[in-house]
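**Q** Numbering (the working numbering), first residue to last: 235 to 290.
1) Are the beta-carbon atoms of residue 239 and residue 267 separated by less than 8 Å?
2) Taking just the CA atoms, how far does residue 271 sit from residue 278?
3) Just checking my contact of residue 242 with residue 258 at CB under 8 Å: how many whole Å lie between their CB atoms?
In structure tokens, the structure reads:
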């Protein structure tokens, strides 16, 4: 991925802007993947967590 962005930035009129945008998109995708994993874990644990009992 880094090699692709590097080559694309060299060919672009604004290499810094392109590299910055690519980094932002990468971080957004990474954050979304983490959020999706957390959502799946919470769904697997059920409404009361892994123990099955309310904590209240």
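Cβ atoms here follow ideal geometry from the backbone N, Cα and C, with glycine treated the same way.
**A** In terms of the structure at hand:
1) No, these two residues do not count as a Cβ contact at 8 Å.
2) In a straight line, the C-alpha of residue 278 is about 11 Å away from that of residue 271.
3) Not quite, the Cβ-Cβ distance comes to about 15 Å (not below 8 Å), so this is no contact.
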